[in-house]
Amino acid sequence: MDFISEICKNLPISLKKHLDKKRVFFVEKSSDKNLSDLKNCIASTMKGMSSWGEHVPYAWAKLESVLREMRRSIKVCRFSNLLEYVTKKKVVKIKTKKDLLTALKFFHERGVIFFRNEIEKVIILDVQWFVDAFKCIILDERHYESKEVGNLKEFDSLNKYGLLSDKILNDLWKNSDFQQHKQDLVNQMIDLNMLANVEADLWYVPCMNKQKYTPSILDNCTVSSTLCFVFKFLPFVIFHRLVIACMKKMKMTLWQHGDKYCIYHTVVVLKWETKKHQVLFGIRDKKVNGIEEYPYSIEIQAAVIQPRPLDKHVCSELRENISKILENLTMTFPVHEEAYLEGYRCVRKPYNNLPDGHIILEKDVSKDVDCTKCPSHVVEVQSIVGFWKVCVLHICIRLPGQKS
Ligand SMILES: [Zn+2]
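Each residue of the sequence shown is one higher than the one before, starting from 487 at the first, in this note's numbering.
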């Protein structure tokens, strides 16, 4: 019971309703104690799911067994090859490309395979094998065997900063069949936002980054106010995915300060090359004490190196793009409530490890107000919000022949 109460302490109210003491089973290593009760419970939960009893075309069931059979000898296959196989051999009654795409999408959604039509039509037949390939990158014990005198520096870079070089990846995968499918695996991992391209032969693996942020990197910068997205519940991976999606979609790159990339465990600073601005992404996790309704926040601050001026249009464009990406990333969150709310820190200061000021939610913003959360200060609402709002310019154009 201590274990359950520990879990309950850390869960938001909306998730607590899913915990039921009757469905908790204590199991022991190398023992079948309580296992049959656990199995029965899983079976009855499965039967209660909406997809239970759903009719699946016979051809799809046949295709699934073909895929499982193929998995014994190959891990990856091309869509075109599979299409040729099923249409020529006629073992499965799937006649058109469209039918095969629909069926594969179904198996992808159920975790049988990995298949995203956009990625060069590659099908990963063995999901566990794909997970194992990623485990090689992130688990220390797998690194141990591949470490050599000549690659210690690169391993250090992976373990401290999450920077994975091509050399290390080759060393980690060299004695397995991962190596021959390297490009397909890497493309798939990039698509799933597990990796991001930094350079042609260098990737960023966010979950490996252990560096601690130092605010002094912003010493010579002018900073915007801090835009906040607050969450009741926020898996850490959403933060990583946001950063990587910004790198991919907005062509941002890791910012180098001195000779180091500014990537830390809970902060990443990217360079928005086309706009000549730096963008800081931070994640905060206020320990849940039951009082805070939105304990998690993703915080965004724009910065420019002095004496360049900070461009507010860049901030509003940034907000628009980030909001779209976050909307996409939180699509699987419960639909009955908004995934997050937007707000601003009440003071404009360079991002710090311990937060300065408090977050005022967009819905509570009105005019200049006395901050109710910090010791007496006035919030300059216009100046703080102004960075992130799109400015509408009213320009009067007089058409030829039109009277003034
Ligand atoms: Zn305040």
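The beta-carbon is built from N, C-alpha and C at its ideal position, and this holds for glycine as well. It should be emphasised that the depicted structure is a prediction, and the values quoted were computed from it without experimental measurement.
Close beta carbons around residue i, own chain, < 7 Å, minus the five adjacent residues each side
i: F819; result: A825
i: G894; result: Nothing can be reported for residue 894, as the shown portion of the chain is limited to 487 through 890.
i: R509; result: C527
i: I654; result: N637, E640, F641, L644
i: V800; result: K761, H763, A788
i: F873; result: S710, S711, K798, C801
i: G843; result: R831, C832, V833, C860
i: R564; result: K607, V608
i: V878; result: Reliability fails at V878, whose pLDDT of 46 lies under 50, so the model's placement of it is uncertain and the value that follows must be treated cautiously. No residues qualify anywhere along the chain.
First through last residue of the beta strand (DSSP E) which encompasses residue i
i: W689; result: 688-690
i: F565; result: Premise fails: F565 lies in the alpha helix (DSSP H), 565-575, not in any beta strand (DSSP E).
i: I717; result: First, the amino acid is wrong: residue 717 is Phe here, not Ile. That run of the beta strand (DSSP E) goes 713-717.
i: G829; result: 826-831
i: L497; result: Note, L497: premise wrong, no beta strand (DSSP E); not H, not E.
Residue i: first and last residue of the uninterrupted alpha helix (DSSP H) it sits in
i: S551; result: 544-557
i: H726; result: 722-735
i: H629; result: 626-632
i: D805; result: What sits at residue 805 in the sequence shown is Arg, not Asp. Unbroken alpha helix (DSSP H) run through R805: 798-815.
i: T531; result: 521-533
i: S643; result: 638-647
i: I846; result: Per DSSP, I846 belongs to no alpha helix (DSSP H); it is in the beta strand (DSSP E), 845-847.
i: W659; result: 652-659
i: D670; result: 668-677
i: K893; result: Any property of residue 893 remains undetermined from this structure, which presents the chain solely from 487 to 890.
Contact set for residue i: own chain, Cβ-Cβ below 6 Å, skip 5 residues either direction
i: S890; result: Here the model assigns S890 a pLDDT of 40, short of 50, so the residue's position is not dependable and the matter cannot be decided.
i: H726; result: P692
i: N622; result: One detail in the question is off: residue 622 reads as Cys in this sequence, not Asn. Cβ within range, chain order: R628, L658.
i: T816; result: A825
i: F592; result: none
i: Q898; result: Only positions 487 to 890 of the chain appear in this structure, which leaves residue 898 out of reach.
Exposed unless 16 or more other CB atoms sit within 10 angstroms - verdict on residue i
i: I870; result: buried
i: S710; result: buried
i: V635; result: exposed
i: K772; result: exposed
i: F600; result: buried
i: Y690; result: buried
i: Q792; result: exposed
i: G768; result: buried
i: V837; result: Per the sequence presented here, residue 837 reads as Tyr, with Val not at that position. Result: buried.
i: K502; result: exposed
i: Y782; result: buried
i: D616; result: Per the sequence shown, residue 616 should be read as Phe rather than Asp. That one is buried.
i: H753; result: The sequence shown places Val at residue 753, rather than the His named in the question. Buried, since its Cβ has 16 or more Cβ neighbours within 10 Å.
i: R770; result: buried
i: I493; result: exposed
i: V723; result: exposed
DSSP bridge partner residues for residue i (one or two, in chain order)
i: G768; result: V753, E785
i: N683; result: W689
i: K746; result: H743
i: I791; result: C707
i: F600; result: I610
i: D856; result: V864
i: V562; result: I610
i: I623; result: DSSP lists no partner for I623.
i: W538; result: Paired residue(s): none; W538 is not in a bridge.
i: H504; result: Paired residue(s): none; H504 is not in a bridge.
i: H763; result: W758
Cutoff 8 Å; reference residue i; Cβ partners in own chain excluding five residues on either side
i: E779; result: K718
i: W538; result: M532
i: N807; result: C732, K735, M736
i: V729; result: A682, P692, V754, L756, F767
Inset, instruction - Would you be able to state if there are at least three C-beta pairs under 8 Å between the stretch 696-715 and the stretch 660-668? - result: no
Legend entry - Three-pair Cβ contact test at 8 Å for the stretch 646-657 versus the stretch 679-697: yes
Inset, instruction - Take every Cβ of the stretch 756-766, pair it with every Cβ of the stretch 669-677, and state whether three or more of those distances are shorter than 8 Å. - result: no
Inset, instruction - State whether the stretch 732-745 contacts the stretch 850-862, with contact taken as three or more CB pairs (one from each stretch) at a distance under 8 Å. - result: no
Legend entry - Cβ pair count under 8 Å reaching 3, the stretch 562-582 against the stretch 539-551: yes
Inset, instruction - Considering only heavy atoms of ligand 3, list every residue whose Cβ is less than 7 Å from one of them, following chain order. - result: Annotation note on ligand 3: not contained in the displayed structure, which lists ligand 1 as its ligands.
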